[in-house]
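Encoded as C-alpha cells, the structure appears first; notes follow it.
Chains as they are written, first to last, in UniProt numbering: chain A, 1 to 456; chain B, 1 to 862.
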C-alpha cells in the first residue's frame with residue numbers, strides 16, 4: 001500500500017503531498033532529488049529505490065515526477081499503474097498537466113487524490129465515477145457545456161446505487177446526438193540496420209474510443225478477421241469471457257474518451273518479411289562520418305562552416321524515401337496515400353559542438369544544448385515516381401580535442417492515415433439495450449512508435 | 001451544491017452531540033466574534049515573512065467568519081491549503097480552521113477536512129472541537145458528505161476521539177449507500193490501528209466477514225483489505241473454501257485494484273483437489289486480458305503458485321503467461337516495461353525456451369530507458385539458442401560499439417555468456433570478442449579480455465586465435481585493472497605456448513612500482529610463478545625482482561603475504577611449490593609444453609547456483625523481482641515490517657537463510673558438505689593455487705572454523721523447530737559450566753533464528769553504547785570465539801568491506817529466563833564499535849549496561 005504521494009516538478013519542487021497513513025517527511029524527496037541530479041538524463045531514474053524506511057516508487061511523465069513512498073512489500077506494478085492512473089486522471093481534469101496547472105488547481109488535485117485512494121489502497125480511479133463525485137474545473141466545465149449543449153449538469157451528489165453496478169459509467173447520461181467514434185491505431189516499433197534491413201519489428205495496435213451515448217448502451221463489436229489479433233488486453237468495461245468464447249468485444253462503454261483495447265499484431269502473414277519482420281513504408285539511409293582536423297570543410301550546400309580550425313569535424317547525410325511494396329494494408333478501397341508528419345531526429349554525441357545542416361525539403365533545427373537535430377519533413381507522397389527524395393546534409397564541428405567512433409541511431413516518426421499493418425477491420429458495431437440509432441465512425445491510422453534507424 | 005444547502009435542516013435533526021463537545025463548539029464561535037488580537041506590528045523586526053503571512057491569514061479567516069461571504073471564504077481557505085502545500089507550517093490557524101468547518105460549501109469542507117487530518121496530531125486537544133461537526137455530518141442526508149465526514153473522522157488518528165468514532169462507524173456499515181459503507185469498512189481498519197480493543201469488543205471483525213456478501217464489490221474489496229491487514233500478525237485473514245468460491249464467482253464485479261487483492265488472497269488458498277484447481281484456473285484465465293499490468297502479474301503469480309506441485313501443468317502456465325506479458329511490454333510506460341521485463345527474466349531463467357522465439361522483441365532501442373536496455377541485454381543473453389545465437393550476437397555486438405559505456409560492458413559480458421551456454425554460437429561470439437580486443441574503447445577491451453579468459457577454460461582450442469594478440473592487448477591495457485589482470489592471467493596460464501611470454505611480463509615487472517592496483521599485482525605475481533615453472537631460465541631473474549618488490553610492498557597485506565608464501569615455498573621445496581601453484585596442470589606443463597590444458601566440463605559454480613533465483617522466484621510480483629535481489633538483501637532490518645511466516649513449501653534451509661538474512665547478515669556456514677564446483681575465474685584468480693590464499697589467512701580461517709564448531713550453526717538447524725520448553729530444559733542442564741561471562745552471563749540454550757528475530761523486533765533498545773576497538777579483528781571468527789568465551793552465543797555475523805556486524809545473545813547469570821540480545825557494528829576504518837543491547841530483564845537499563853561492559857571487554861574496546 002502507498003503511504004504517501006508526492007508530486008514533484010522537474011526542478012525538484014514538491015507541488016503536492018498527500019499522506020494516507022502517517023506523515024512522511026519531505027526528506028524522502030530530497031534524497032530522491034539528489035539521485036535524480038546524479039543522472040545525466042533524469043528520466044533514467046530507477047523506478048524503484050530502497051530508502052532507509054521503505055521504498056520509493058516513482059514515475060516520470062509530463063516532465064514531472066510522481067513519487068510514492070511504500071513501507072511494506074507491495075506489488076510494484078500495482079503502484080506504478082496507480083501512479084500513471086493518477087496522471088491520466090489529472091490530464092483528464094486539467095487538460096494539460098504541468099507545474100502551473102497543478103499549482104492553480106491544487107485543491108482539485110487533493111480532492112481527486114482523496115477519492116482515488118483511501119488508507120493507502122486504490123479506490124475509485126474511473127474517470128466517469130470520479131466526475132460524478134468531483135466537478136471538473138469550471139472553465140473546462142463551461143467549454144464542455146457550450147460544446148455539448150448541456151447545462152452544468154454534473155451534480156456534487158453521488159448518483160445513488162449506479163456507482164457500484166458499473167463504476168466506469170456515470171448514470172443518467174443524455175445526449176441529443178448519440179455518437180461513437182473508434183480509432184484503430186497501429187504503432188510500428190522497428191530497428192532498421194544501416195543497410196536498410198529490418199532487424200526487429202513489432203506492431204502493437206489499440207482501439208481508442210470516444211463515446212457519447214445516452215443511457216446504458218450495450219455494444220457488440222465484431223471484427224472481419226479476429227485471428228489477426230495475436231494477444232490483447234481490454235478496458236475493464238469489456239466482458240473478457242465473451243472474447244474468449246466468441247472473439248467478439250462486448251461492452252458497456254464509459255462516457256467520453258477511453259482505450260477500448262490494446263493488441264499485438266500476429267506477424268507471419270504474406271506481406272511480411274520471412275523472419276517475421278515487416279517492411280516499413282519508408283526507407284532512410286543515414287551516414288555520419290567523423291574525421292580528424294578536417295575543420296568542417298566540404299561543400300554540402302552550407303557555407304560558413306569553416307570555423308572549426310584544429311578541432312575535428314564530420315559530415316552527416318540523411319536521405320528519405322517511400323518504399324514499395326510495403327506491409328501497409330488499406331482496408332476497403334485502396335488509396336494511394338501520404339506519409340504525414342514525417343520527422344527525423346538525430347541525437348548527436350556530446351562531443352559534437354555544433355552542426356550546420358540544411359535540407360532539400362522541410363526545416364532543420366539543431367538544438368545546441370541537447371545536441372539533437374530535428375528535421376521536420378512534412379508530407380511524403382507514396383508511390384510517386386518523379387519526386388526527388390528529400391535529403392538533409394551538413395557539416396559537424398566537434399569539441400576541440402574530441403574524437404568519435406560510434407555512430408548515432410536516428411529516430412524517424414511518421415504516420416499514414418487509413419492504413420494498417422494487420423488489416424484488422426471492424427465488421428459491425430451493434431447497439432442493444434437502447435432504442436436510438438447512434439452515429440458510428442471508424443478511422444484507421446498507422447504510425448511509427450520507436451522507429452530506430454542505425455547509421456553507418 | 002444547491003442540494004447540500006437544502007440539507008441544512010437534516011443536519012440539525014440528526015445531530016446528537018455529547019454536552020461537553022457542544023461546549024467546545026460554542027466556545028469556538030464565541031471566540032470568532034471577539035475582536036481580533038493586536039496585529040503583530042509591535043514586534044515586526046523579528047517577524048519573518050512567512051510568519052507575517054500566517055498572521056495575515058489568521059486575520060482573514062476571522063473576518064470571513066464574520067462576513068459570511070461564501071466566495072471569499074473559499075478563497076481564504078484555499079490559500080491556507082496552498083501554504084500547507086508549500087510546506088509552510090500553518091498549524092497555528094487550527095482554531096480558525098475548525099470554525100470554518102461549519103459550512104455548506106462542499107469544497108471548503110473537503111479542504112478543511114484535509115487541513116484537520118494534516119495537523120490534528122499537532123493539536124490533539126483542539127481537534128476534539130471539530131468532532132461535533134464531523135459527527136453531525138456523518139448523519140447528513142447526502143451520502144457523499146456522510147462518507148467524507150466519516151473518512152476524515154477516522155483519519156484524524158487521535159486516540160482521544162476513539163469513543164466518538166465507533167458509533168458513526170457502526171451505523172455506516174448498514175448505510176444504504178455503498179460509498180458510505182466502503183468508507184466505514186476502511187474506517188474500521190483505521191480504528192484497529194488506533195484502538196484494537198474497540199474493534200475486538202465491538203465484534204466488528206465478524207461484521208466484516210458477514211459483509212463479504214455485500215452487493216457492492218468495492219465494499220467487499222475494502223472488507224478484504226481490512227480483514228487481511230488486521231490479521232497480518234496471524235498471517236492474514238482466514239480463508240474458507242466458501243469465501244474463495246464467493247470471490248471467484250464475482251470476479252467480474254471487482255475493480256482492477258480489487259482484483260489484485262482478491263488474487264493475492266486466492267493465491268494463499270490450497271484447492272482441495274485437482275478439479276477445484278482447474279475450475280479456479282479457468283475462472284481466473286480471462287482476467288489475463290486486463291489492461292492493468294498489476295492484475296496480470298497477480299494472475300500469473302496465482303497460476304504459478306497453484307501449479308507449483310504439478311510439474312505437468314507448469315509448462316502450460318508459462319506458455320499461457322507469455323502472450324500477456326509481451327503485450328504488457330508493448331507500448332507501456334517505461335517504468336512498467338522495466339518491471340515486466342524483470343519478471344520475464346525470472347520466468348525465462350526458471351524455464352528455458354518459453355520466450356526464446358520472441359528474442360527479437362527484446363532488442364534495445366536508443367530511446368529505451370537505461371534500466372530497460374540493461375534488462376533487455378540480460379534477457380538476450382538468456383534467450384539466445386542454437387538457431388538464434390548468430391543474430392543475437394550480432395545485435396549485442398552492435399550495442400558494444402555504442403556510446404553507452406555501461407551498456408557496452410554488459411553486452412560484451414552477455415556475448416561471453418552466450419558462448420558458454422550455446423556451443424553453436426561460440427565461434428561466432430569468440431570472433432566478436434577477438435575484434436573487441438582490438439577496439440579503441442578501453443572498457444570494451446577490458447570486458448572482452450575478461451570474457452575471453454573464461455572462455456579459454458571451456459574452449460581451450462581457441463588458444464591459437466587468442467594468444468598471438470595478447471602482447472598487443474597487454475600493451476594497451478591501460479587503466480582497466482580487471483581487464484589487465486585477466487590478460488596477465490592468460491599469459492601465466494598459457495605461457496608455455498607463447499614464445500615471448502616472459503618478455504610480455506618483464507616490462508610490467510619493471511614498472512611494478514607504478515602499478516597501483518592490487519588485483520593486477522596479485523595476478524602478476526601468480527603469472528610470473530606459473531611461467532617460472534614453464535620456462536625457468538628466462539623467468540628466474542625477473543621473478544626474483546618481482547618477489548623482492550612484492551615482499552617490500554606495504555600497500556596490501558594480501559600481496560605481501562602471497563609473495564612471502566611463494567618465496568618460502570620456492571626455498572623449501574620447488575616441486576611442492578609447483579604442485580601448489582600449477583595445480584592439476586602441473587604434470588602436463590612439466591611433461592610436454594604442447595599438451596593441451598584440460599577443457600572444463602560441467603557448469604561453472606554460478607550456473608549451478610540457483611538458490612538466489614529460487615529466493616527471488618518465491619517473491620514473484622513483489623519489489624524483490626524488480627530489484628533482482630531477495631527483499632531481505634535490500635531492506636534494513638530495523639525497518640522491516642513483520643511478515644507472514646514463509647510459505648510452508650519452502651525448504652527449511654531456505655527458510656533459515658531467509659530469516660537470518662532478515663537480520664541483514666550472511667547465514668552461518670552450512671554444515672552440509674558442499675560440492676566443489678570449479679570456481680569462476682573472476683572469483684578466484686588462482687586457478688590451481690588452492691592453497692595460497694588459504695595459507696595467507698590461515699589463522700583467521702582456523703579461528704573461523706573453531707568458532708563455527710563452537711557456535712550455533714549446527715544448533716541453529718537442529719533447534720529450528722524445537723519448542724522453547726525443551727530449550728529451557730536443555731539450558732538448565734548445561735548451566736553449571738558457566739563462567740567467563742564476567743558474572744553477568746551464563747551459557748544457555750541455543751536460540752533459533754526465528755525466535756531471535758521475533759524477540760529482537762519485540763524488545764526496545766535497552767542500551768546503546770559506543771566504543772573504540774584497539775585493533776580491528778582479523779575476521780568474524782575471531783570475535784565469535786572471544787564472545788563464546790564470554791558466554792555470548794553468536795546468532796549471525798557478517799563481514800562487509802567497511803563494516804563487520806554481529807548478533808549475539810546470552811542469558812542472565814542470576815535469572816536464566818533473562819535473555820540479552822546484542823547487536824555489534826564495527827566500522828573497520830575507524831575501529832568504532834556500536835553496541836545495541838535489548839533485554840528481557842525486568843530492570844533493563846542496568847542489566848543491559850552490564851552486558852555492554854562484557855561485550856566491550858571481549859572486543860578489547862575502550
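The beta-carbon is built from N, C-alpha and C at its ideal position, and this holds for glycine as well.
| Check | Outcome |
| --- | --- |
| Please report the straight-line C-alpha distance between residue 379 (chain B) and residue 396 (chain B), rounded to a whole angstrom. | 11 Å |
| Can you list, in chain order, the residues of its chain whose CB lies under 6 Å from that of residue 567 (chain B), leaving out five sequence neighbours each side? | 547 |
| What in chain A is Cβ-close to residue 363 (chain B), meaning under 7 Å? | 191, 199, 200 |
| Pull the bridge partners of residue 365 (chain A) from the DSSP assignment, please. | A:374 |
| The alpha helix (DSSP H) with residue 349 (chain B) in it runs from where to where? | 334-350 |
| Could you list the residues in the segment 326-340 of chain B with a C-beta less than 8 Å from some C-beta on chain A, going in chain order? | 326, 327, 328, 330, 331, 333, 334, 335, 336, 338, 339, 340 |
| Quick one: which unbroken alpha helix (DSSP H) runs of 4-plus residues sit fully inside the segment 190-264 of chain B? Chain order, please. | 196-201, 204-210, 217-230, 241-249 |
| List the residues of chain B whose Cβ lies closer than 7 Å to the Cβ of residue 341 (chain A), in chain order. | Ordered by position in chain B, no residue passes the 7 Å Cβ test against residue 341 (chain A), which lies about 17 Å from the chain. |
| Could you spell out where the alpha helix (DSSP H) holding residue 281 (chain B) opens and where it closes? | 274-284 |
| Could you check which residue in B:181, B:166, B:164, B:127 has the C-alpha nearest to that of residue 145 (chain B)? | B:181 |
| Pick from B:230, B:215, B:217, B:223: whose alpha carbon is nearest that of residue 197 (chain B)? | B:230 |
| Does the beta carbon of residue 123 (chain A) come closer than 8 Å to any beta carbon on chain B? | yes |
| Check residue 155 (chain B) in the structure and name its three-state DSSP category. | helix |
| Straight-line CA distance for residue 84 (chain A) to residue 66 (chain A)? | 8 Å |
| If you follow the alpha helix (DSSP H) that residue 57 (chain A) is in, where does it begin and where does it stop? | It is not in any alpha helix (DSSP H) - residue 57 (chain A) instead sits in the beta strand (DSSP E) that spans 54-61. |
| So, at 7 Å on beta carbons, what are the nonlocal neighbours of residue 79 (chain A) in its own chain, with the 5 sequence-adjacent residues on each side left out? | 2, 57, 68, 70 |
| Is it the case that the segment 341-352 of chain B contacts the segment 285-292 of chain A, given that we only count it when at least three CB pairs across the two stretches are under 8 Å? | no |
| Determine whether the Cβ of residue 415 (chain A) lies closer than 8 Å to any Cβ atom of chain B. | no |
| Between the segment 243-254 of chain A and chain E, which residues of the former have a C-beta closer than 9 Å to a C-beta of the latter? | Looking for chain E here will not work: the only protein chains present are A and B. |
| Within its chain, find whatever has a CB closer than 6 Å to the CB of residue 436 (chain A); leave out the 5 residues flanking it on each side and keep chain order. | 178 |
| By DSSP, does residue 188 (chain A) sit in helix, in strand, or in coil? | strand |
| DSSP three-state call for residue 528 (chain B): helix, strand or coil? | helix |
| Whole-angstrom Cβ separation of residue 195 (chain B) and residue 168 (chain B), contact assumed at under 8 Å? | At roughly 15 Å, the Cβ-Cβ gap does not stay under 8 Å, so residue 195 (chain B) and residue 168 (chain B) are not in contact. |
| So is residue 395 (chain B) in contact with chain A if we call contact Cβ pairs under 8 Å? | yes |
| Residue 128 (chain A) touches chain B at which residues, Cβ-Cβ below 9 Å? | Simply none; closest approach about 13 Å. |
| On the premise that residue 278 (chain A) lies in contact with residue 198 (chain A), defined as a C-beta separation below 8 Å, what is that separation, rounded to the nearest angstrom? | 7 Å |
| Using a threshold of 8 Å, state whether the C-beta atoms of residue 329 (chain B) and residue 340 (chain B) are closer than that. | yes |
| Helix, strand or coil for residue 48 (chain A) per DSSP? | strand |
| Of all the CB atoms in chain B, is at least one closer than 8 Å to the CB of residue 156 (chain A)? | Here the model assigns residue 156 (chain A) a pLDDT of 44, short of 50, so the residue's position is not dependable and the matter cannot be decided. |
| Please identify the residue among B:309, B:472, B:431 whose C-alpha is closest to the C-alpha of residue 452 (chain B). | B:431 |
| For the segment 212-230 of chain B against the segment 182-189 of chain B, are there 3 or more C-beta pairs whose distance is under 8 Å? | yes |
| Measuring CB atoms only, is the segment 93-109 of chain A touching the segment 277-295 of chain B, in the sense that at least three cross pairs come out at less than 8 Å? | no |
| Can you find a C-beta in chain A that's less than 8 Å from the C-beta of residue 409 (chain B)? | no |
| Looking at chain B, is there any beta carbon in it that lies within less than 8 Å of the beta carbon of residue 367 (chain A)? | no |
| In whole angstroms, what separates the C-alpha of residue 41 (chain A) from that of residue 413 (chain A)? | 22 Å |
| Using the C-alpha atoms, what's the distance from residue 359 (chain A) back to residue 421 (chain A)? | 30 Å |
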